[in-house]
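J.: Before I ask anything, here is the structure I am working with.
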Amino acid sequence: AGFKEEDEMALLRRRSRSHHVATAVVATLALAGAGLVAVRSTSHPLSQSITTVNTRGSTFAGRLARTPQRFLRSKNPGLATKASCDGGAHLSAEAKSELKRVADYIATPGKGITACDEGPGTIGSRFEAVGVENTEENRRKYRQMLFETPDATEYLSAAILDPETLYQKSDTSGKLFPEALKDMGVLPGVKPHLKVYTLPGTNGETVMQGLDSLAVRLREYKQAGAVFAKWRSPLVIGEGQPSDLAIQANMNDLARYALICQDEGLVPIVEPDVSLKGEHDLETAIIANIKIQSALYKAMLDHGVYMEGSILKVNMVNPGKSCPTPYSVEQIADANVHVLQQCMPVAIPGVNYLSGGQNLGDAASRLSAINKVKGKCPWNLSFSWSAALQMPLFELCRGKSEIPLAEMSELYAKELKIAANAANGIHQPDGTDGAHVPPGAKLEAVAAV
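Here the sequence shown is numbered in our numbering, starting from 4 and rising by one per residue.
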């Protein structure tokens with residue numbers, strides 16, 4: 004009462020300005036919590052401007068580009084935030100240097116990874132299919148053969164182990180396998196994930212379990228000698244698949260796994276594994292793989308993963324096994340390079356392709372063709388194969404009372420040389436190796452013979 008009309012208007016204007024500022028503060032703080040803006044304040048949060056990230060190049064964006072490893076903090080501790088995409092700012096310089104050293108070593112040109120991380124049940128079914136008893140000692144002897152095959156170290160930079168194998172010894176040196184591998188110049192890693200879980204309501208799509216207790220297990224595995232880990236997230240291409248839910252759930256899991264790995268001092272190998280099963284064509288596979296991999300790298304950056312200290316293990320981009328359309332090995336190679344060029348960060352030093360149901364001839368021919376056409380792509384493109392290398396070895400066991408380790412070792416050495424030649428882009432395909440030949444055409448070819 005008693006205010007003049009102009010005083011009332013001035014009061015309303017002041018209240019309006021305060022309301023808009025307060026609303027802007029609340030909205031901006033919410034965005035800051037999501038890592039989308041940076042907040043600048045002094046003693047009174049409403050008395051200073053709130054600086055958003057200008058995508059066209061603001062002062063803040065310039066500072067961030069020049070100092071990507073820093074935490075962005077306001078003078079008000081209550082508003083302190085850590086920016087996403089900080090490249091492992093929580094890690095010490097020494098920790099990042101060691102992660103990069105290990106990742107770079109795994110990505111040694113011309114060398115690859117032997118994947119022998121099958122659990123006792125998986126390798127047991129392979130043994131039993133060819134008449135070998137599935138015992139811990141048979142598993143130990145078989146893996147020792149893989150590690151100690153003459154000249155194997157010329158072609159291998161790393162080996163992925165099942166946790167059981169970490170604690171087994173070589174009867175040649177008397178050392179635990181991780182130490183024995185390091186002595187040979189091969190870095191030991193481990194598979195830390197647990198069992199597959201089906202996502203309800205997704206028509207069979209899955210996630211991998213084991214994140215809750217991951218840090219504890221990784222500490223144990225590192226103490227046993229592991230220097231890296233590998234986590235697999237299986238996906239499928241089909242009607243409505245992979246769904247956005249399956250992609251986001253699996254890629255966020257891979258990113259969180261990678262973050263925990265690096266915090267525990269192990270290099271994470273991230274493995275989105277798209278199944279070869281299905282009738283999808285190559286174009287559909289390209290789209291699905293770009294969608295999956297771009298989601299993966301976005302999640303890794305959002306989680307603050309140090310990209311230089313990580314490795315990608317991924318399926319080759321292929322049409323489904325039942326696809327009726329034929330494709331040449333060159334077309335498949337071009338598809339793989341295209342996917343990498345669309346979304347692969349240059350900071351990651353290497354890609355190790357899994358075999359994923361391909362035989363050695365197809366996998367080697369495709370990897371070699373990829374390396375021939377990759378041009379100036381900065382990544383080392385190599386192999387991390389299990390079945391492609393090992394299934395022919397198991398066949399040597401049929402009809403024998405003992406595991407033929409000497410025969411297996413001789414064949415394995417030849418296979419590793421083929422794989423290394425493919426990693427160098429000098430493997431020569433045999434016949435139609437590497438091409439996608441539709442199932443009907445294969446049957447017609449067999450009938451003609």
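We treat Cβ as the ideally placed atom computed from N, Cα and C, and that holds for glycine. None of the values given here were measured: they were computed from a predicted structure.
Pull up the distance between the alpha-carbon of E274 and that of T117, whole angstroms please.
T.: Straight-line Cα distance between these residues: approximately 15 Å.
J.: Any contact of the segment 130 to 137 with the segment 340 to 348, i.e. 3+ C-beta pairs under 8 Å?
T.: Output reads no: the segment 340 to 348 does not touch the segment 130 to 137.
J.: Output the boundary residues of the beta strand (DSSP E) element that contains S331.
T.: Premise fails: S331 is in no beta strand (DSSP E) and is neither H nor E.
J.: In the DSSP assignment, what are the bridge partners of M319?
T.: For M319, which the question treats as bridged, DSSP gives no partner whatsoever.
J.: Does the Cβ-Cβ distance between L257 and A302 come in under 8 Å?
T.: Yes, the Cβ-Cβ distance between L257 and A302 is below 8 Å.
J.: Specify the secondary structure class of K377 as computed by DSSP and reduced to three states.
T.: Coil at K377, not helix or strand.
J.: On the DSSP letters alone, give me the boundaries of the alpha helix (DSSP H) that G243 sits inside.
T.: Element bounds for G243: n/a, residue is neither H nor E.
J.: Where do the ends of the beta strand (DSSP E) carrying G124 lie?
T.: Segment 123 to 132 is the alpha helix (DSSP H) holding G124; no beta strand (DSSP E) there.
J.: Whole alpha helix (DSSP H) runs in the segment 140 to 211 with 4 or more residues, listed along the chain?
T.: With a minimum length of 4 residues, the continuous alpha helix (DSSP H) runs that stay inside the segment 140 to 211 are 166 to 169, 180 to 186.
J.: Just mark K379 as buried or exposed, buried being the case when its beta carbon has 16 or more other beta carbons within 10 Å.
T.: By the 10 Å Cβ count, K379 comes out exposed.
J.: Apart from the five residues on each side of it in sequence, which residues of its chain come closer than 7 Å, Cβ to Cβ, to L217?
T.: Taken in chain order, the residues that qualify are P195, Y260, I263.
J.: With 16 as the cutoff for other CB atoms within 10 Å, does Q212 come out buried or exposed?
T.: Q212 comes out exposed.
J.: DSSP state of T287, grouped into three classes?
T.: DSSP places T287 in helix when its eight states are reduced to three.
J.: Let me make sure I understand the geometry here. Which of Q393, G122, V270 has the alpha-carbon closest to that of M148?
T.: Of the listed residues, the one whose Cα sits closest to M148 is Q393.
J.: With a Cβ-Cβ cutoff of 8 Å, do K225 and E267 count as a contact?
T.: Their beta carbons are under 8 Å apart, which means K225 touches E267 by this criterion.
J.: Would you grab the beta carbon distance between Y158 and A423 for me? Rounded to a whole angstrom, and I think it's under 8 Å.
T.: About 4 Å separates the two Cβ atoms, so the contact holds.
J.: Exposed or buried, A206, counting other C-beta atoms within 10 Å across all chains shown (16 or more means buried)?
T.: The sequence shown places Asn at residue 206, rather than the Ala named in the question. By the 10 Å Cβ count, N206 comes out exposed.
J.: Ends of the alpha helix (DSSP H) at L384?
T.: Premise fails: L384 lies in the beta strand (DSSP E), 383 to 388, not in any alpha helix (DSSP H).
J.: Once you ignore the five residues that flank N362 on each side, which residues in its own chain have a CB closer than 7 Å to its CB?
T.: Contacts found: A391.
J.: Any idea if D365 is buried or exposed, counting beta-carbon neighbours within 10 angstroms, 16 or more meaning buried?
T.: Per the 10 Å Cβ criterion, buried.
J.: Mapping the DSSP letters down to three states, classify V230 as helix, strand or coil.
T.: If DSSP states are grouped into helix, strand and coil, V230 belongs with coil.
J.: Assuming E274 is part of the beta strand (DSSP E), what are its boundary residues?
T.: That run of the beta strand (DSSP E) goes 270 to 277.
J.: Nearest CA to the CA of P271: which residue from L179, I250, P191, R146?
T.: The shortest Cα separation from P271 among L179, I250, P191, R146 belongs to P191.
J.: Output needed for N374: all residues of its chain with C-beta closer than 8 Å, excluding positions within five of it in sequence on either side, in chain order.
T.: Hits under 8 Å: L384, A425, A426, N427, G428.
J.: Return the first residue and the last residue of the alpha helix (DSSP H) that Y456 is part of.
T.: Residue coverage of the chain in this structure runs from 4 to 452, which leaves residue 456 outside it and unanswerable.
J.: Where V210 and G204 are concerned, what is the direct C-alpha to C-alpha distance, given to the nearest angstrom?
T.: Between V210 and G204, the C-alpha separation is close to 13 Å.
J.: Give the DSSP bridge partners of V440, in chain order.
T.: DSSP lists no partner for V440.
J.: Exposed or buried, L408, counting other C-beta atoms within 10 Å across all chains shown (16 or more means buried)?
T.: So L408 ends up on the buried side.
J.: Taking DSSP as the reference, what is the three-state secondary structure of G91?
T.: DSSP places G91 in coil when its eight states are reduced to three.
J.: Are the segment 219 to 234 and the segment 242 to 255 in contact at 8 Å, needing three or more beta carbon pairs?
T.: No, the segment 219 to 234 does not touch the segment 242 to 255.
J.: One question on the structure: do S412 and T152 come within less than 8 Å of each other, judged by their Cβ atoms?
T.: Cβ atoms of S412 and T152: closer than 8 Å.
J.: Please state the DSSP three-state secondary structure of I421.
T.: The answer is helix: DSSP assigns I421 an H, G or I state.
J.: What are the boundary residues of the beta strand (DSSP E) that includes Y356?
T.: Taken as a continuous stretch (DSSP letters only), the beta strand (DSSP E) holding Y356 covers 353 to 356.
J.: Ordered along the chain, which non-local residues of its own chain (more than five positions away) have a Cβ less than 8 Å from that of L414?
T.: Contacts found: P395, L396, L399.
J.: So what does DSSP say about R401, is it helix, strand or coil?
T.: Three-state result, R401: coil.
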